[in-house]
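Peer 1: Before anything else, here's the structure in question.
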Amino acid sequence: MKNFVSVNDVTNIDDLVKKALIYKANPFIDKTIGTNKKIGCLFLNPSMRTRLSTQIAAQNLGMEAIIFNVGNEGWMLEFEEEAIMSGTSVEHVKDAAPIFGKYFDILAIRTFPSLKNKEDDYSELYIKQFIKYAGIPVVSLESATLHPLQSFTDIITITEELEKMKRDSSINSGQKPKIVLSWAPHIKPLPQCVANSFAQWVNAWEKADFVITHPEDYELTEEFTKGATINYDQDEALKDADFVYIKNWSTFNDYGKIYESDTKWMLTNKKLELTNNAKVMHCLPVRRNVELSDEILDGPNSIVTLQASNRVWAAQAVLSEILKNNG
Amino acid sequence: MKNFVSVNDVTNIDDLVKKALIYKANPFIDKTIGTNKKIGCLFLNPSMRTRLSTQIAAQNLGMEAIIFNVGNEGWMLEFEEEAIMSGTSVEHVKDAAPIFGKYFDILAIRTFPSLKNKEDDYSELYIKQFIKYAGIPVVSLESATLHPLQSFTDIITITEELEKMKRDSSINSGQKPKIVLSWAPHIKPLPQCVANSFAQWVNAWEKADFVITHPEDYELTEEFTKGATINYDQDEALKDADFVYIKNWSTFNDYGKIYESDTKWMLTNKKLELTNNAKVMHCLPVRRNVELSDEILDGPNSIVTLQASNRVWAAQAVLSEILKNNG
Amino acid sequence: MKNFVSVNDVTNIDDLVKKALIYKANPFIDKTIGTNKKIGCLFLNPSMRTRLSTQIAAQNLGMEAIIFNVGNEGWMLEFEEEAIMSGTSVEHVKDAAPIFGKYFDILAIRTFPSLKNKEDDYSELYIKQFIKYAGIPVVSLESATLHPLQSFTDIITITEELEKMKRDSSINSGQKPKIVLSWAPHIKPLPQCVANSFAQWVNAWEKADFVITHPEDYELTEEFTKGATINYDQDEALKDADFVYIKNWSTFNDYGKIYESDTKWMLTNKKLELTNNAKVMHCLPVRRNVELSDEILDGPNSIVTLQASNRVWAAQAVLSEILKNNG
């Protein structure tokens, strides 16, 4: 693994999941592989779980993690080639990235989409420019269209739960689990990253019966969803589901809009009855009683804390792979 | 010690003071007890001494200290149960705290009062919700009504000074010192935390003659002051004092107001003559020539730097206790 | 070395350069000299390279580096003696600095000029107050009028390049290099720090033929430039230059203004032909196509990334010297 910006950087998902679960059982077994190595974590946008879990993962491997809030602590970066920089951006990524490449061994970056221009966001200019100019491995801490550390965590969590479900026979050992990604209401337009990325990973994993349900006009790009069944009827989609992943996203085709905020799309215990006692997932942060009801989040089917806690082991497995391949 | 949010979490104040003074003499004697342990320090409000001293204390014990500025680096948290989160808060403490509980071994939190609603502030909802949902030891870095690390530091500092005073016979060895907590003017309404907490600790310590002086209508809650003598006449209160603790606070009964800003309440060398050559204390930050005069702060009786430097040893003793009891 | 706030704190520039280059070759040879030592890095203004390189340098020496964004994470400091603090500043440097002196072994500070009042800025009140009251070694991370870590880096970089130039005979081994500091256009008034400091260091180094070129009325203070040739004709100045240092600064005499933004002052490949195939330097951040053209920055003569990467070794040599002399 050189960079980690999408599932395409992963040779074998299950092997990486195994590695993460080994770290979960023994967080400090590789405490020396990061000795004298440094990871620079650049935040162009806010972050909580991603920031903390990456920092902890690095420390578990003996690396120094240096956090830098671009904009807050520094200044605005420019990403366009040939820009005449007479505006608000103070430094070009072409000048900043090579220096990060000299200071650090791995560069991790969070950068959100504008949600204003689809072509710009989906070009992934920011993270691509960092990869082009940094000259060291780049890890996405969520980019304009994808959130691979989250999705990898999700697969780890599903793998763990699936083992339990097989042990207690709530699913047959030979059977593919049914995973449903369900759109949920929100009060403002959100990126498509988590949904895109989850779809990309579940499809690449090839071990689930995968259904995506959302209101009409909320279709995600086929680049990531291809292979999944799309169903506009949430009740139908939820039927016999083993895992339900709840997430809001804004419209893709007519980009960055909210058409629908009908609360009937919020998952409740009533709807959960349609499923095979499904585990409920969410990447967090979640707006309670808007995206997901208290009864679900505080109930026995929610595995959102498990998901979030697995973020550490996902990051640790990724950083470890990169360290080993780029020593 | 499980949590550290008030003096009630301390079994024996003098034992904890002794522990702090051992660390002061030998900062690195317990450099390994925090190996592979992590403290998450969450700041919902600004901090300087508390932030730095806690970070240093953790490092002295070999712990990783991870600083997170909630709001600045992340987003606003919700604390009300059953909230419908369609407003500005992005994540509920019920979802965030359990994850901090998975990421860290100890959680330290600073959260100020609103000074708008007494019942809300004095319910200590924020820190109680963190304790309820984090599932790991919680340390207050100042909460809505108390500042226990500051007060513990104050008792350490008084203990140290008292030893010196006994050695040079400026106080009889069998005599209780007279400690006066004096209100001081300020330009804006401040929390009651430091004053409440100092009163609570001095009362629990039971080793001083304790007087609180302030203008009428500035009474603090009896919950914390009970046991102290209240005197509205500052000159009378200061008489023969061995320690004078200067601090502004806003009104408690008619909550969060400033009625009085008469500069005659500011301590001067002239007033100090009423005392037994008293040591002058303040938690800092202090507005010079508003709360306290230059002549006092720059004079030989001020021990504010000693107080602030003892913050490290107070934090180190507390973290050490928690690590030992929750290993 | 006690403090590091200007070239005057350096006994022998070449010895310090050698030390930095030893660290560049072997970053971790002194990994234990900072054990249990702490550097506090206070940022009153934004920073990227300085912040990151100082943090890395400290870690390479085994020190804990604690970053504190004054203002952002804490509150505004007061620097004037005898201030009546009823305004926006919350804490006096007289109270804060001694505490930093207790918490840390070295204090590093970044503080920009106001560019409003020349006397105030050139009095260097802020950093002098920190030195006066902290009681521990103070390192400038750029102050109101100087940027010594940058200039030291620049001399390291010139030394390295000069060695290469001598090896490939692009300069005679006995010959002094010609170094030109050239003003460049910018969109807003900038401090004189980098230019002042570079002039001060090159003059103190005494190993170059040193020319400064800028539009009339952009004269820097003679305190720092004395010894250099001033030439208002950029083309004439550039003739046969071996190094061209590009930097904007605002006016000094009529303080903090921009009179001139003629783009003809921007260095281009055409102008570079006047030089002896000069290496082009800039401290970064640089506004592309305003201060410096893409063709220069992306061309073979630019050594700006080398300069920035040398920041680590400059900081490491300085911290190491201070640790050794103040153990």
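Residue numbers (our numbering), protein chains in the order written: chain A, 109 to 435; chain B, 109 to 435; chain C, 109 to 435. For every residue, glycine included, the Cβ atom is placed at its ideal position computed from N, Cα and C. As the structure is a computational prediction, the values presented were derived from the model and not from experiment.
Am I right that A/N339 and A/T359 are in contact with their C-beta atoms under 8 angstroms? What's the rounded C-beta distance?
Peer 2: Locating residue 339 of chain A in the first sequence gives position 231, counting from the first residue. Locating residue 359 of chain A in the first sequence gives position 251, counting from the first residue. Wrong, their Cβ atoms sit about 18 angstroms apart, outside the cutoff.
Peer 1: Tell me which residues of the region 381-404 of chain C have at least one Cβ-Cβ distance to chain A shorter than 7 angstroms, keeping chain order.
Peer 2: L392, P393, V394, R395, R396, N397, V398 and D402
Peer 1: From the DSSP output, which residues share a beta bridge with C/S290?
Peer 2: Looking up residue 290 of chain C in the third sequence gives position 182. In DSSP, C/S290 forms a bridge with C/T321 and C/I354.
Peer 1: Starting from A/P154, find everything on chain C with Cβ-Cβ shorter than 9 angstroms and list it in chain order.
Peer 2: Within the first sequence, the letter at position 46 stands for residue 154 of chain A. Those do not exist, as A/P154 stays about 14 angstroms from chain C at its closest Cβ, beyond 9 angstroms.
Peer 1: Report, in whole angstroms, the separation of the C-beta atoms of B/I411 and B/V426, which I expect to be a contact under 8 angstroms.
Peer 2: Indexing the second sequence from 1 puts residue 411 of chain B at position 303. Indexing the second sequence from 1 puts residue 426 of chain B at position 318. Not really, about 21 angstroms apart at Cβ, beyond 8 angstroms.
Peer 1: Classify C/I235 as buried or exposed, calling it buried when 16 or more other Cβ atoms lie within 10 Å of its own Cβ.
Peer 2: Position 127 of the third sequence, counting from 1, holds the residue named residue 235 of chain C. Classification for C/I235: buried.
Peer 1: Would you be able to state if there are at least three C-beta pairs under 8 angstroms between the region 191-198 of chain C and the region 154-163 of chain C?
Peer 2: Result no; under three Cβ-Cβ pairs closer than 8 angstroms.
Peer 1: On the CB-based measure, 16 or more other CB atoms within 10 Å of its CB, does C/I239 come out buried or exposed?
Peer 2: As a working note, residue 239 of chain C is residue 131 in the third sequence. So C/I239 ends up on the buried side.
Peer 1: List, in order along the chain, the chain A residues whose C-beta lies closer than 9 angstroms to that of C/T413?
Peer 2: Taking the first residue of the third sequence as position 1, residue 413 of chain C is located at position 305. What C/T413 touches in chain A: D203, P206, I207, G209 and K210.
Peer 1: Using a Cβ cut-off of 8 angstroms, pull out every chain C residue sitting near A/I174, in sequence order please.
Peer 2: By one-based count along the first sequence, residue 174 of chain A stands at place 66. Here the neighbours are L160, Q163 and I164.
Peer 1: Measuring only between beta-carbons, confirm whether C/A191 sits less than 8 angstroms from chain B.
Peer 2: Taking the third sequence and counting its residues from 1, the one referred to as residue 191 of chain C is at position 83. Chain B contact via Cβ: present.
Peer 1: Output yes if chain A places a C-beta closer than 8 angstroms to the C-beta of C/F136; else output no.
Peer 2: Taking the first residue of the third sequence as position 1, residue 136 of chain C is located at position 28. Yes, its Cβ sits closer than 8 angstroms to a Cβ of chain A.
Peer 1: Cβ of B/V302 within 8 angstroms of Cβ of B/I287?
Peer 2: Locating residue 302 of chain B in the second sequence gives position 194, counting from the first residue. Locating residue 287 of chain B in the second sequence gives position 179, counting from the first residue. No, the Cβ-Cβ distance between B/V302 and B/I287 is not below 8 angstroms.
Peer 1: Within 10 angstroms of the Cβ of C/R218, are there 16 or more other Cβ atoms? Answer buried if so, exposed if not.
Peer 2: Along the third sequence, one-based indexing puts residue 218 of chain C at 110. Answer is buried; the Cβ neighbour count reaches 16.
Peer 1: Say whether chain C places a C-beta atom closer than 8 angstroms to the C-beta of A/G170.
Peer 2: By 1-based counting over the first sequence, the position of residue 170 of chain A is 62. So no, A/G170 is outside the interface.
Peer 1: Would you tell me roughly how many angstroms separate the C-alpha atoms of C/I264 and C/G142, rounded to the nearest one?
Peer 2: Here residue 264 of chain C is taken as the residue at index 156 of the third sequence, counted from 1. Here residue 142 of chain C is taken as the residue at index 34 of the third sequence, counted from 1. Each residue's alpha carbon lies about 23 angstroms from the other.
Peer 1: Report the rounded CA-to-CA distance for A/K355 versus A/Y131, giving the unit in angstroms.
Peer 2: Taking the first residue of the first sequence as position 1, residue 355 of chain A is located at position 247. Taking the first residue of the first sequence as position 1, residue 131 of chain A is located at position 23. Roughly 28 angstroms between the two C-alpha positions.
Peer 1: Since I believe B/D350 is in contact with B/E384 (beta carbons under 8 angstroms), could you give me their beta-carbon distance rounded to a whole number of angstroms?
Peer 2: On the second sequence, residue 384 of chain B is found 276 positions in, with the first residue counted as 1. On the second sequence, residue 350 of chain B is found 242 positions in, with the first residue counted as 1. Sequence inspection shows Asn at residue 384 of chain B; the Glu mentioned does not correspond to that position. Taking the Cβ atoms as the reference, B/N384 lies roughly 5 angstroms from B/D350, within the contact range of under 8 angstroms.
Peer 1: Could you work out which residues of chain A lie near C/S358, taking near to mean beta carbons separated by less than 9 angstroms?
Peer 2: One-based indexing of the third sequence puts residue 358 of chain C at position 250. Near C/S358 there are no residues of chain A at all, since even the closest Cβ is about 16 angstroms away, more than 9 angstroms.
Peer 1: Going by the beta-carbon positions, is the gap between C/S251 and A/I207 smaller than 8 angstroms?
Peer 2: The count along the third sequence starts at 1 and reaches residue 251 of chain C at position 143. The count along the first sequence starts at 1 and reaches residue 207 of chain A at position 99. Their beta carbons are not under 8 angstroms apart, which means C/S251 does not touch A/I207 by this criterion.
Peer 1: I need the DSSP call for B/M389, collapsed to helix, strand or coil.
Peer 2: Here residue 389 of chain B refers to the residue found at position 281 of the second sequence. Note: B/M389 maps to strand in three-state DSSP.
Peer 1: Which class does C/R275 belong to by DSSP, given the choice of helix, strand or coil?
Peer 2: To locate residue 275 of chain C, count along the third sequence from 1; it is residue 167. Helix at C/R275.
Peer 1: Between the C-alpha atoms of C/V394 and C/I404, what's the straight-line distance to the nearest angstrom?
Peer 2: What you label residue 394 of chain C is simply residue 286 of the third sequence in a count that begins at 1. What you label residue 404 of chain C is simply residue 296 of the third sequence in a count that begins at 1. Rounded to the nearest angstrom, the two C-alpha atoms are 12 angstroms apart.
Peer 1: Here's the rule I'm using: 16 or more other beta-carbon atoms within 10 Å means buried, otherwise exposed. How should B/I430 be labelled?
Peer 2: The residue given as residue 430 of chain B occupies position 322 in the second sequence. Buried is the call here.
Peer 1: So, does the CB of C/A422 fall closer than 8 angstroms to a CB anywhere in chain A?
Peer 2: The sequence position of residue 422 of chain C within the third sequence is 314, counting from 1. False, the Cβ-Cβ gap to chain A never drops below 8 angstroms.
Peer 1: Need the endpoints of the beta strand (DSSP E) that C/L150 sits in, please.
Peer 2: Position 42 of the third sequence, counting from 1, holds the residue named residue 150 of chain C. K146 to F151 is the span of the beta strand (DSSP E), which, as asked, contains C/L150.
Peer 1: If we ignore side chains and look at the alpha-carbon of each, how far apart do C/D343 and A/L298 end up?
Peer 2: Counting from 1 along the third sequence, the entry for residue 343 of chain C is found at position 235. Counting from 1 along the first sequence, the entry for residue 298 of chain A is found at position 190. Annotation: C/D343 to A/L298 spans about 54 angstroms, alpha carbon to alpha carbon.
Peer 1: Decide if B/F136 is buried, meaning its Cβ has at least 16 other Cβ atoms within 10 Å, or exposed.
Peer 2: Translated into the one-based positions of the second sequence, residue 136 of chain B becomes position 28. So B/F136 counts as exposed.
Peer 1: Please determine, among A/I164, A/T253 and A/A386, the residue with the shortest C-alpha to C-alpha distance to A/D229.
Peer 2: For the purposes of this step, residue 229 of chain A is taken as the residue at position 121 of the first sequence. For A/D229, the nearest C-alpha among the options comes from A/T253.
Peer 1: Alpha carbons only, please: which of B/Y326, B/S290 and B/L270 is nearest the one belonging to B/Q283?
Peer 2: Counting from one through the second sequence, the residue named residue 283 of chain B turns up at place 175. The shortest C-alpha separation from B/Q283 is found at B/L270.
Peer 1: Compare the beta carbon distance of A/N153 and A/F260 with 8 angstroms and say whether it is the shorter of the two.
Peer 2: Position 45 of the first sequence, counting from 1, holds the residue named residue 153 of chain A. Position 152 of the first sequence, counting from 1, holds the residue named residue 260 of chain A. Contact flag unset, no.
Peer 1: Using a C-beta to C-beta distance shorter than 7 angstroms, which residues of chain C count as neighbours of A/N434?
Peer 2: Here residue 434 of chain A corresponds to residue number 326 of the first sequence, with the count starting at 1. Here the premise fails: no neighbours, minimum Cβ distance about 17 angstroms.
Peer 1: May I ask which residues mark the beginning and end of the alpha helix (DSSP H) holding A/V52?
Peer 2: Outside the shown range of chain A, which is 109 to 435, sits residue 52 of chain A, and nothing can be said about it.
Peer 1: Here's the rule I'm using: 16 or more other beta-carbon atoms within 10 Å means buried, otherwise exposed. How should A/K110 be labelled?
Peer 2: What you label residue 110 of chain A is simply residue 2 of the first sequence in a count that begins at 1. Exposed, by the Cβ-count rule.
Peer 1: Using a Cβ cut-off of 8 angstroms, pull out every chain C residue sitting near A/S248, in sequence order please.
Peer 2: On the first sequence, position 140 is the one that residue 248 of chain A refers to. Going along chain C, no residue has its Cβ under 8 angstroms from A/S248, so there is no contact; the nearest lies around 20 angstroms.
Peer 1: Is it buried or exposed, B/Y367, if we count other Cβ atoms within 10 angstroms and call 16 or more buried?
Peer 2: In the second sequence, counting from the first residue as 1, residue 367 of chain B sits at position 259. Exposed, by the Cβ-count rule.
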